[in-house]
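> Residues in the sequence shown are numbered consecutively from 0, following numbering that gives the first Met the number 0.
Cβ atoms here follow ideal geometry from the backbone N, Cα and C, with glycine treated the same way.
Quick one: the structure is below, and I'll ask about it shortly.
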Amino acid sequence: MKLPENAGRELAPGEEYKPLLDKGGKFAEVTFYSVAVGILMVILFSAAAAYLGLKVGQVFEAAIPIAIIAVGLTSALGKKDGLGQNVIIQSIGGCSGAVVAGAIFTLPAIYILGVEVDFWQMFLSSLLGGVLGILFLIPFRKYFVKEMHGKYPFPEATATTQVLVSGESGGTGAKTLLVSGLIGGLYDFVVSTFGAWSETVTTSIFTFGQTLADKAKVILKLNTGAAVFGLGYIIGLKYAFIITCGSLLVWLVIIPLMNLIWGGQVIDLMNTGVVQTIGEMGPDQIFRDYARHIGIGGIATAGIIGIIKSFGVIKSAIGLAAGEFSKKGRTAAEEYDRTQDDIPMKTIVFGIIIALLAVFAFFAFGGVVNNVWQALIGVLIVGVISFLFTTVAANAIAIVGTNPVSGMTLMTLIIASLVLVAVGLKGNTGMAAALIIGGVVCTALAVAGSFITDLKIGYWIGSTPRKQEKWKFVGTLVAAATVCGVMLILNKTYGFTGDGALVAPQANAMAAVIQPMMNNGGAPWLLYGIGAVIAILLTVLKIPALPFALGMFIPIDLNLPLLVGGAVAWYVSTRSKDKEVNVARAEKGTLIASGFIAGGALMGVVSAILKFAGADLFMSGWNSVYGETLALVPYVLLIWYVIKSSMKAKKDA
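Written as structure tokens, this is what we have:
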């Protein structure tokens, strides 16, 4: 069984794409088994993705690992008609990464800023945002999935679909994923739980490196985790290189230049009471207080450019949706096409209205803002920005498989902060309100971007969109509850501030944006402006501005391993003169990297639970003396394992 030849190319005039599951047939899709396994996947991968995202700032998409697990379970249980059920499992389970991204990119900033928030406020922020994301995307489904068939590559949807289809024919990817998951999980577990070696290696382990850090503010760092390395492999060399270039610009050029030019000066751009000179700060503090704001400006500008470029997409998709809304139903002569059966457009419109009313009630009576007027302003911000940026998210996923949700959320926070201050909402209440509004928008955009992948998978295979759409709401509900619970545990275990705290780079960036604006301070507009100029120049030069800007504000120790993983992906996929062999090796490496991500992240959650229960097994003395030097040995062995295993793949694998 394989996809039709015209699955990945544009159709000729009059040509029709026929999915694997015939549009007129009846197939097992929504069953007790598919729903139960899908919900289980949501819980497991939401917990794993939350830990990884807060630990390193990268949320992995769970579509491929969940698809592999679904295929393995279906095969082990000997289920017939597994393909349609596996699509539902993947679609429900895929809610995990999307809802997690929406929550952890914003809500931890509330803890960072020392503002009180309860579980229900976090839960409703994630749930309502996810519901809006689903509802706003459905009108665009036919445009992105059917009308633009063959024009968008949909890289993640392509990979996931191939896993599901090959699994129906007896694929063996589940074994590879299981073995690599065990390796990656144990590797990261002994680091986070026992401290057998250091999690990060820096140039300061050398004498000259420490001198460079102290005098010139130059330092390089490398996270040695299996999960982060796996992320780099899946991202690939091109985008990993662009992200790392943004990081190197900040850490090797901007931070040293700031020290060289303004080293003896106290610079307080946000009126927060800074008393240290630039020269008295370490490279990390210069990055946190100044340099990363350039990245924030770049991300926000890249988001604006994305909206401008997507205007035609918005116009075309709205036209298709309006046509569906005005239809009175099928005529007797029209054949029912199960594969194009969406939730009715009238139901979607009423659903959006009800969802926005629920958001208003949450803001007005859930302790988010002070009065009805401010709640109306908040709903307006949520509705307009979520709708406009939905197309940006879907377009990005369709082209490169990466959702620029963090940049779009930063812009939302800037707009929300300016507007809320203008209507009299400041201080802690204002910060909490802006972050919850940002959380709703962030989750909406993350879920919309993820869902377009699910719908494209369903289109290729021949699933019923209406069933995917309905059960996506259930997955969002479960994911919202899971991620907020995990976030509470991680906050009590590690915290988000102080020594040993979770990195949560996106949430820290969000906090840095709104804190001065809500406390009668100012925003670092000069730094935002520099970032904006860089983003515009990159766009003119046809260099992807968003990943470059992301590299500028995510710490360098989390970016360099992406480059290592991307380089390994390039190496294993280019060694043979036979293109089919290279493809097989790349796919084998993708399975191994997916295992590293899933295993490392899941064991990270286990480690956090152990620490939360009071089991402190960390060997701090050993780690502080030998940790960084020793870390290079297992890291090199990890890389060797991926290369060696991937190179064994054959073109018939």
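So, is F552 buried or exposed, given that buried needs 16 or more other C-beta atoms within 10 angstroms?
Here the question's residue 552 lines up with position 553 in the sequence shown. Buried: at least 16 other Cβ atoms inside 10 Å.
> Rank G263, V383 and I67 by C-alpha distance to the C-alpha of M407 and give the top, closest one.
Taking the first residue of the sequence shown as 1, we reach residue 407 at position 408. Selected option, being the one with the closest Cα: V383.
> Return helix, strand or coil for N222, following the three-state DSSP convention.
Numbered from its first residue, the sequence shown carries residue 222 at position 223. In the structure shown, N222 sits in a strand (DSSP, three-state: E or B).
> Is the CB-CB distance between L112 and A510 below 8 Å?
Working through the sequence shown from its first residue, we reach residue 112 at position 113. Working through the sequence shown from its first residue, we reach residue 510 at position 511. Cβ distance < 8 Å, so L112 and A510 count as in contact.
> Looking only at its own chain, which residues have a Cβ that is under 6 Å from the Cβ of G494, when we skip the five neighbours before and after it?
Residue 494 sits at position 495 when you count from the first residue of the sequence shown. A500, listed in sequence order.
> Looking only at its chain, what residues have a beta carbon closer than 7 Å to the beta carbon of I204, apart from the 5 residues adjacent to it on each side?
The sequence position of residue 204 within the sequence shown is 205, counting from 1. Around I204: E627 and T628.
> Give me the residue from F26, F31, I65 and Y16 with the minimum Cα distance to T42.
The residue you call residue 42 lines up with position 43 of the sequence shown. Checking the displayed sequence, the identity of residue 42 turns out to be Ile instead of Thr. It is I65.
> By Cβ distance below 7 Å, which residues in the same chain neighbour T105 in space, the five residues on each side in sequence not counted?
In the sequence shown, the residue the question calls residue 105 occupies position 106. Hits under 7 Å: T408, L434, G437, G438, C441, A506 and M509.
> Mind the definition here: the segment 244–253 touches the segment 581–601 only if three or more C-beta pairs lie below 8 Å; say whether that holds.
Contact between the segment 244–253 and the segment 581–601 is absent, because fewer than three Cβ pairs lie under 8 Å.
> Quickly, what does DSSP pair T199 with across the bridge? List them, please.
Within the sequence shown, the letter at position 200 stands for residue 199. In DSSP, T199 forms a bridge with N222.
> Can you name the start and end residues of the alpha helix (DSSP H) that S462 belongs to?
Translated into the one-based positions of the sequence shown, residue 462 becomes position 463. No alpha helix (DSSP H) contains S462, which DSSP labels as neither H nor E.
> Taking the alpha carbon of L20 as the reference point, which residue from Y458, A568 and M516 has its own alpha carbon closest?
Locating residue 20 in the sequence shown gives position 21, counting from the first residue. For the residues Y458, A568 and M516, the minimum Cα distance to L20 belongs to Y458.
> Can you tell me which of G305, F362, L412 and S644 puts its alpha carbon nearest to the alpha carbon of L127?
Here residue 127 refers to the residue found at position 128 when the sequence shown is read from its first residue. Taking only the C-alpha atoms, the option nearest L127 is F362.
> If you follow the alpha helix (DSSP H) that R8 is in, where does it begin and where does it stop?
Start at 1 with the first residue of the sequence shown, and residue 8 comes out as number 9. It is not in any alpha helix (DSSP H) - R8 carries neither H nor E in the DSSP assignment.
> Around the C-beta of V86, are 16 or more other C-beta atoms found within 10 angstroms, so that it is buried, or is it exposed?
Within the sequence shown, the letter at position 87 stands for residue 86. Buried, because 16 or more other Cβ atoms sit within 10 Å of the Cβ of V86.
> Excluding the 5 residues flanking A566 on each side, which residues of the same chain have their C-beta closer than 7 Å to its C-beta?
For this step, residue 566 is matched to residue 567 along the sequence shown. Only L236 meet the Cβ criterion.
> Rounded to whole angstroms, how far is the Cβ of L75 from the Cβ of Q89, which I believe are closer than 8 Å?
Taking the first residue of the sequence shown as position 1, residue 75 is located at position 76. Taking the first residue of the sequence shown as position 1, residue 89 is located at position 90. Per the sequence presented here, residue 75 reads as Ala, with Leu not at that position. A75 to Q89, Cβ: 17 Å. No contact.
> What is the DSSP secondary structure of T346, counted as helix, strand or coil?
Within the sequence shown, residue 346 is the residue found at index 347, counting from 1. The answer is helix: DSSP assigns T346 an H, G or I state.
> Residues in the same chain with beta-carbon distance under 6 Å from A97, minus the five sequence neighbours each way, listed in chain order, please.
Mapped onto the sequence shown, residue 97 falls at position 98. The answer, listed in chain order, is A445, V446 and S449.
> When you compare each of A648, G194, L559 and F122 to I218 by their alpha carbons, which one comes out closest?
Taking the first residue of the sequence shown as position 1, residue 218 is located at position 219. Nearest option by C-alpha distance: L559.
> For K220, which residues from the same chain have a beta carbon less than 8 Å from its beta carbon, with the 5 sequence-adjacent residues on both sides left out?
Mapped onto the sequence shown, residue 220 falls at position 221. Closer than 8 Å at Cβ, skipping near neighbours: T199, V200, T201, T202, P554, I555, D556 and L559.
> Where do the ends of the alpha helix (DSSP H) carrying A120 lie?
Counting from 1 along the sequence shown, the entry for residue 120 is found at position 121. As written in the sequence, residue 120 is Gln, which differs from the Ala given in the question. Q120 -> alpha helix (DSSP H) spans F118 to L136.
> Please report the residue range of the alpha helix (DSSP H) in which V70 lies.
If you number the sequence shown from 1, residue 70 lands on position 71. A62 to A75 is the extent of the alpha helix (DSSP H) around V70.
> Tell me whether P282 sits in a helix, a strand or coil according to DSSP, three-state version.
Position 283 of the sequence shown, counted from the first residue, corresponds to residue 282. Correct three-state label for P282: helix.
> A156: which of A393, G377, D80 and P107 sits nearest, CA to CA?
Counted from its first residue, the sequence shown places residue 156 at position 157. Considering only alpha carbons, the answer is A393.
> I'd like the list of long-range same chain contacts for V378, defined as Cβ closer than 7 Å, with 5 residues on each side in sequence excluded.
Position 379 of the sequence shown, counted from the start, is the residue given in the question as residue 378. Once the five neighbours on either side are set aside, the close Cβ partners of V378 are L355, V358, F359 and F362.
> Taking the alpha-carbon positions, what's the G365 to I260 distance?
Along the sequence shown, read from residue 1 onward, the residue named residue 365 stands at position 366. Along the sequence shown, read from residue 1 onward, the residue named residue 260 stands at position 261. If you take the alpha carbons of G365 and I260, they lie about 48 Å apart.
> Between the beta-carbon of I254 and the beta-carbon of A226, is there less than 8 Å?
As a working note, residue 254 is residue 255 in the sequence shown. As a working note, residue 226 is residue 227 in the sequence shown. Contact: no.
> Got a sec, what are the start and stop residues for the alpha helix (DSSP H) L259 sits in?
Looking up residue 259 in the sequence shown gives position 260. Looking at the DSSP string, the run of the alpha helix (DSSP H) that includes L259 is I254 to W261.
> Between the alpha carbons of L131 and T475, how many angstroms are there, rounded?
The residue labelled residue 131 in the question sits at position 132 within the sequence shown. The residue labelled residue 475 in the question sits at position 476 within the sequence shown. About 11 Å.
> Assuming A212 and N258 form a contact by the criterion Cβ under 8 Å, report the distance between their Cβ atoms to the nearest whole angstrom.
As a first step, residue 212 must be located in the sequence shown, where it is residue number 213. As a first step, residue 258 must be located in the sequence shown, where it is residue number 259. The pair is not a contact, with the Cβ atoms about 11 Å apart (cut-off 8 Å).
> Suppose you measure from the CA of A61 to the CA of F44; what does that come to, to the nearest Å?
Stepping through the sequence shown from its first residue, residue 61 is reached at position 62. Stepping through the sequence shown from its first residue, residue 44 is reached at position 45. If I take the Cα positions, the gap works out to 7 Å.
> In the segment 407–480, which residue ranges form an unbroken alpha helix (DSSP H) of at least 4 residues, counting only runs that do not cross its ends?
Taking only runs of at least 4 residues, the alpha helix (DSSP H) segments lying wholly in the segment 407–480 are 426–460.
> What first and last residue would you give for the alpha helix (DSSP H) that runs through Y527?
Counting from 1 along the sequence shown, the entry for residue 527 is found at position 528. Residues W524 to V539.
> Quick one: grab the DSSP three-state call for I38.
Position 39 of the sequence shown, counting from 1, holds the residue named residue 38. Helix, per DSSP.
> Among the residues of its own chain, which have a CB less than 6 Å from the CB of M40, if the five just before and after it don't count?
Counting from 1 along the sequence shown, the entry for residue 40 is found at position 41. Cβ neighbours of M40 beyond the five flanking positions: I65 and G92.
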